[in-house]
Amino acid sequence: MEESTTTEIYVCLLRLCIKAKCLSNVKKVRDHIVQYCTPVTGILGDYLVVALAKCGAVDDAHKIAKGLQHRTVFSWTAIISAFVDLGRELEALEMYECMRKENISANSFTYVSLLKACSNLRDLPLGSMIHVDIRKQGLAADNLVGNCLVSMYGKCGDILAAENAFLELSYRDIVSWTAMLSAYLEQKQINKAIQLFRQMHEEGMLPNHLTCIVALKICISLGEKEVKDDLAKSFSLELGQSIHAYARKNDLLSDPLIGTTLISMYGKCGSIKMAEHVFSILHEKCIISCNAMLAAYVGQNQGTQALHLFKTIFTMGMLPNDLTYVSAIQSCSVIAEGNCSMVSGECSNKALALRIGQALHLDVCMKEFDSNIVIGTALLTMYGTCGCIEEFETIFNDMPSHDVVSWNALFSAYLDLGQGAKALKLHRKMRNHQIILDDVSLMLSWTAMLSALVEKGKGTEALVLFDMMEKEGTMLDDVALKCVLQACCLTGSVNVCMKVHSMIVYLGYDVSESLAPTLIHAYGNCGCMVDAQAIFDDLSAPDIVSWSACIAGHASEGDVSACFKMFERLILADVMPDELTFTSILLVCCHAGCIARGVQFFQSMVTDYGIVPGLNHYGIVLDLLSRAGDFQSVAEMLSLMHLQVDLTMWMCLLGACQAHENVELARIAFNHAVQLQPTNLITYVMMSNIYATAGLPEHAIEIEVMRQKAAANGCYTI
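Per UniProt numbering, the sequence shown starts with residue 1, numbered consecutively.
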């Protein structure tokens, strides 16, 4: 058989191997060539290199290519392309340098692979250099190369260069438009992406399945970016619905990726029912589509539904991956925050969420997902939301590495639990570890300082810091604003309180959530109960914290009538009063001298609502009875108390005994007070005065002797 005929047969066989992507057959052909000593030159050499490279044996292909006397652009391109496909971009770029040294000109396909390598590496300088080579060869207007240039510049962050490459194209097909849309999406330039999508529609360019996916991701990004903007959400939903209708009309919904992206889009845009509908009609459900539905539930605070779906995943015979567990753990955080209905009425949301979260944590450890930083961060947030400081500190310390998101999660947990000092310490630790702070980290750092100052009762300093934050243009979240309102409570600064109220409205935060009680409390402490009451009255379904804050505000102003009316409204609204509610009611009764009502409220707290009285409740009632001179009831209550009375309560009782000249009860109060703090000068002075007023000078002298002995043992405190 002639050599040319043999070569043609080998080439034909190699073409079939390339088409079938069958490496074993390529190797058989290669072995046959070697066995019969067929010269590997010219077209046969090219095809053998191309076949090995395209079937995954790039190192074998490179070895053969090095042995060829004359290498062509086809063999070099095959090797470069294979290296890029295998994620070995640096080796691909080395091959390009070798190719240039041999003075072999690259073709369009070579540049496509090289630009993909630059995109994957996010290497803008190298991509720009290759662009220069492309221009020299006059390939910048080539559709295939131009589309890759647009994509490369988009991924490398040079949006202007991407736009120029797009405009230079001699003909813009749907791939070109999709590449430019992807570039805008990559760089979060959503408004430009929407404008381009409209322009594409106006020019009569019909989207393909990839364009639909990119357009849906633009809707998702718009929903994420403008999370507080109802108008933007509405627009992104309308755009997403039109893409959905187009995909349905053009029979594109069979693409599972489009279905999954639709679920994510509807979830981000707040249309959970449509997300469920799309999920239900998917031809084939996979773990990716399940993850999208889980994320949609979590994003819409439907933690219970997310956990139901998580359970269903196992019954469908699917294996959950790391992202599945992330959403399941996040759903526990949602339940703990009280943003969804409880699955069981047997325990509190937090207790239930913690129980499920711990089970998921155990499952994650068994499946060896616990080293995953995203899962670790989700666990951090879950334990933080459930108030388990020890657990989330352990999780953080056990994580093999930390990114800025995990640092922020720990930061947020400390702040949510009122651990401002620990948050501040963490901030210093981040700086020591040279963690690059993002906008969220900076905001949390400022908030940590605010929280720490408020914890220490330094309201004035906290407001000075707030002023600095404003001047710096620092982003303020609801936690920071809550700290500022707490500082207003400490200082009584009504102007700052009103300013923060305006900011809350302007930034679009939901006043009905955690901010409402703090805002009511702040206005109340600043003496503006009209404003506090107005905020309360605007709430559609105030929780007990808001009720208690409003009652406390009226109590601080001594408005007995308003307190009683609010309590009556609370009962009519079928809201269960808590310990703080009764503290405020009892306090106003005490200050107003409403003895009978005060005792009645105290008894109702125990018998009607099953609340175990705390030391503060006993203290207020004892003060109320003492002021009224009902020392018999005081003595009875003291004998029934199961709590240890503190110094403040004994001193209040001692003061009441002095006012009403009750020597016997005064002796009891005095003895307990000196046991708790033997060196408190005021205790001795008060008891001495009581004896003197009662005409018992000899006992007053005994008190003086006791005082001198106490003085010999330690310094006086006042």
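A virtual CB, placed ideally from N, CA and C, is assigned to each residue, including glycine.
Just so we're clear, the structure is a prediction, and the values are computed from it rather than from any experiment.
**Message:** Less than 7 Å between C-beta atoms, sequence neighbours within five positions excluded: which residues of the same chain meet that for F567?
**Reply:** I551, I585.
**Asked** How is the alpha helix (DSSP H) around C386 delimited, first residue to last?
**Response** For C386, there is no enclosing alpha helix (DSSP H), as DSSP marks it with neither H nor E.
**Identity of the residue in L580, L323, N397, T394 nearest residue 720 by Cα** = Past the boundaries of the shown model lies residue 720; the chain is included only from 1 to 718, so the question cannot be answered.
**Asked** Cα-Cα, which of C269, S108, W547, L121 is closest to L93?
**Response** Nearest C-alpha to L93: L121.
**Request:** Taking all protein chains shown into account, decide if L426 is buried (16 or more other Cβ within 10 angstroms of its Cβ) or exposed.
**Result:** It is buried - the Cβ of L426 has at least 16 other Cβ atoms within 10 Å.
**Request:** Thinking L415 and V479 are a contact (beta carbons under 8 Å), I'd like their distance in whole angstroms, please.
**Result:** The Cβ separation is near 5 Å, so the contact holds.
**Item:** Buried or exposed (CB count within 10 angstroms, at least 16 for buried), C118
**Value:** The residue in question, C118, is buried, as its Cβ has 16 or more Cβ neighbours within 10 Å.
**Prompt:** Who are the Cβ neighbours of S327 in its own chain at under 7 Å, not counting the five residues just before and after it?
**Reply:** These residues qualify, in order along the chain: N291, L294, A295, V298, A306.
**Request:** Look at the alpha carbon of K228 and the alpha carbon of Y509, and state the distance between them as a whole number of angstroms.
**Result:** The predicted model places K228 with a pLDDT of 49, which falls under 50 and marks its position as unreliable; any figure quoted below should be read in that light. Approximately 8 Å between the Cα atoms of the pair.
**Asked** How do the stretch 627 to 634 and the stretch 668 to 675 stand: do at least 3 beta-carbon pairs fall below 8 Å, yes or no?
**Response** In short, these stretches do not touch, since the Cβ pair count stays below three.
**Prompt:** I think S406 touches T385, with their Cβ atoms under 8 Å apart; what is that distance to the nearest whole Å?
**Reply:** Contact doesn't hold; Cβ gap of about 15 Å is too wide.
**Message:** Classify Y609: buried if its beta carbon has 16 or more other beta carbons within 10 angstroms, exposed otherwise.
**Reply:** The C-beta of Y609 has fewer than 16 other C-beta atoms within 10 Å across all chains shown, which makes the residue exposed.
**Item:** As assigned by DSSP and simplified to three states, the class of N103
**Value:** If DSSP states are grouped into helix, strand and coil, N103 belongs with coil.
**Request:** Spatial neighbours of C55 within its chain, please: CB distance less than 8 Å, with the 5 preceding and 5 following residues excluded, ordered by chain position.
**Result:** A distance below 8 Å between beta-carbons, with the five flanking residues on each side excluded, links C55 to the following residues of its chain, in chain order: C17, I18, K21, C22, L23, V26.
**Prompt:** In whole angstroms, what is the alpha-carbon distance linking A592 and V560?
**Reply:** Just so you know, the alpha carbons of A592 and V560 end up roughly 7 Å apart.
**Message:** Classify E2: buried if its beta carbon has 16 or more other beta carbons within 10 angstroms, exposed otherwise.
**Reply:** Because the pLDDT of E2 is 48, which lies under 50, any placement of that residue in the model is unreliable, and the number read from its coordinates should be weighed accordingly. It is exposed - the Cβ of E2 has fewer than 16 other Cβ atoms within 10 Å.
**Item:** Test item: CB-CB of G492 and L450 under 9 Å
**Value:** No, they are not a contact pair.
**Message:** Tell me the rounded alpha-carbon separation between Q302 and S331.
**Reply:** Those two C-alpha atoms are separated by around 7 Å.
**Asked** Would E704 be called buried (16 or more neighbouring beta carbons within 10 Å of its own) or exposed?
**Response** Looking at its Cβ environment, which holds fewer than 16 other Cβ atoms inside 10 Å, E704 is exposed.
**Message:** Spatial neighbours of C657 within its chain, please: C-beta separation below 7 Å, excluding the five flanking residues on both sides.
**Reply:** Apart from sequence neighbours up to five positions away, the residues of its chain that approach C657 with a beta-carbon distance below 7 Å are L665, A666, A669, I690, ordered along the chain.
**Message:** Nearest by alpha-carbon distance to K499: which of A183, P517, A522, T260 is it?
**Reply:** Among A183, P517, A522, T260, the Cα nearest to that of K499 belongs to A522.
**Message:** Applying the 10 Å Cβ sphere with the 16-neighbour rule, what's the burial state of C12?
**Reply:** By the neighbour-count rule (16 or more Cβ atoms within 10 Å), C12 is not buried but exposed.
**Message:** Buried or exposed for P577, going by 16 or more other Cβ atoms inside 10 Å?
**Reply:** It is buried - the Cβ of P577 has at least 16 other Cβ atoms within 10 Å.
**alpha helix (DSSP H) runs wholly inside the stretch 610 to 694, at least 4 long, in chain order** = As summarised for the stretch 610 to 694, the continuous alpha helix (DSSP H) elements at least 4 residues long and confined to that stretch are 615 to 627, 631 to 640, 647 to 660, 663 to 676, 681 to 693, given in chain order.
**Request:** Output the distance between the C-alpha atoms of G338 and S514, rounded to the nearest integer angstrom.
**Result:** Put simply, the backbone Cα of G338 is about 11 Å away from that of S514.
**Asked** How big is the Cα-Cα spacing for C489 and A549?
**Response** Rounded to whole angstroms, C489 and A549 show a C-alpha spacing of 12 Å.
**Prompt:** Is L647 close to chain B, meaning its C-beta is less than 9 Å from at least one C-beta of that chain?
**Reply:** In the structure shown, chain B does not exist; there is a single protein chain.
**Item:** Buried or exposed (CB count within 10 angstroms, at least 16 for buried), F536
**Value:** Under this definition F536 is a buried residue.
**Item:** Distance between L410 and A573 (C-alpha atoms, nearest Å)
**Value:** Straight through space, the alpha carbons of L410 and A573 are spaced by roughly 38 Å.
**Request:** Less than 8 Å between the CB atoms is what I'm expecting for I263 and S289, so what's the real figure, rounded?
**Result:** About 7 Å separates the two Cβ atoms, so the contact holds.
**Asked** Between A51 and the rest of its own chain, which residues show a CB-CB distance below 6 Å, the 5 nearest in sequence each way excluded?
**Response** Taking C-beta separations shorter than 6 Å and ignoring five residues to either side along the sequence, the partners of A51 in its chain run L14, C17, I18, V26, following chain order.
**Message:** At the level of alpha carbons, what is the spacing between I520 and T474?
**Reply:** Separation of I520 and T474 (C-alpha to C-alpha, rounded to the nearest whole angstrom) is 25 Å.
**Item:** Sub-9 Å separation of V150 and M180 beta-carbons
**Value:** Their beta carbons are under 9 Å apart, which means V150 touches M180 by this criterion.
**Own chain, CB closer than 7 Å to C219, minus 5 neighbours either side, in chain order** = Residues S236, L239, G240, M265, C269 of the same chain have their beta carbon placed closer than 7 Å to that of C219, with the five preceding and five following residues left out of the count.
**Request:** Specify, as a first and last residue, the run of the alpha helix (DSSP H) that F369 falls within.
**Result:** For F369, no alpha helix (DSSP H) run applies, since DSSP gives it neither H nor E.
**Request:** Have a look at T460 and L453 and give me their C-alpha separation to the nearest angstrom.
**Result:** T460 and L453: Cα-Cα distance of roughly 9 Å.
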